[in-house]
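Below is one structure, written out as structure tokens; comments come after it.
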Amino acid sequence: MRVHLPVLNHGVMDPAPARYVIRINGHLGATVLLAFPGLVSRWHGAHTVLTGQLDQSALYGVLAEIEALGLVLLEVRQLTPESQSPESGKGAPDE
78 MRVHLPVLNH
88 GVMDPAPARY
98 VIRINGHLGA
108 TVLLAFPGLV
118 SRWHGAHTVL
128 TGQLDQSALY
138 GVLAEIEALG
148 LVLLEVRQLT
158 PESQSPESGK
168 GAPDE
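Heads up, the sequence shown is in the working numbering, so the first residue is 78 and it goes up one at a time.
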């Protein structure tokens, strides 16, 4: 029989809204981007980068939509308050 000791932090996400960068393989067209209202999109090389403020529920919704559309998810990153915007270089998804 295994005994699991209680752990104070199970790595639970903070439900408060946070800024996320989501990188998807390929250039998404205007019609597909309609599935992601509230997110700013830009092309970076061969990828589409979506950026926006999401709470935990909205993040899971975006990830489910990416899967439902058959898109290839490359990266999901929560930006820390110390990092600058993705366009500025520091903390950018193109590092």
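Ideal Cβ positions, reconstructed from N, Cα and C, are used throughout, including at glycine. Note that the structure is a prediction, hence the values are computed from the model and not measured.
Could you spell out the range, first to last residue, of the alpha helix (DSSP H) harbouring VAL109? For VAL109, the enclosing alpha helix (DSSP H) starts and ends at 107-110.
Could you check the C-alpha separation between HIS124 and HIS104 for me, to the nearest Å? Roughly 6 Å separates the two Cα atoms.
Do the stretch 105-118 and the stretch 149-160 make contact, defined as three or more Cβ pairs closer than 8 Å? With fewer than three CB-CB distances shorter than 8 Å, the stretch 105-118 does not count as touching the stretch 149-160.
Going residue by residue through the stretch 127-162, where are the continuous beta strand (DSSP E) segments of at least 3 residues, counting only ones entirely within it? With a minimum length of 3 residues, the continuous beta strand (DSSP E) runs that stay inside the stretch 127-162 are 150-155.
Please classify THR128: is it buried, with 16 or more other beta-carbons within 10 angstroms of its beta-carbon, or exposed? Burial is judged here by how many other beta carbons sit within 10 angstroms of a residue's own beta carbon; THR128 has at least 16 and is buried.
Which residues mark the beginning and the end of the beta strand (DSSP E) in which ALA93 is found? Where ALA93 is concerned, there is no enclosing beta strand (DSSP E), given that its DSSP letter is neither H nor E.
Given a cut-off of 8 Å on the beta-carbon distance, is the pair GLN133 and PRO158 in contact? No. Outside cutoff.
Suppose contacts are defined by Cβ-Cβ distances below 8 Å. Is LEU110 in contact with SER118 by that definition? Judged by their CB atoms, LEU110 and SER118 are nearer to each other than the 8 Å cut-off.
Rounding to the nearest angstrom, what Cα-Cα distance links TRP120 and ARG100 in this structure? The alpha-carbon separation between TRP120 and ARG100 amounts to approximately 10 Å.
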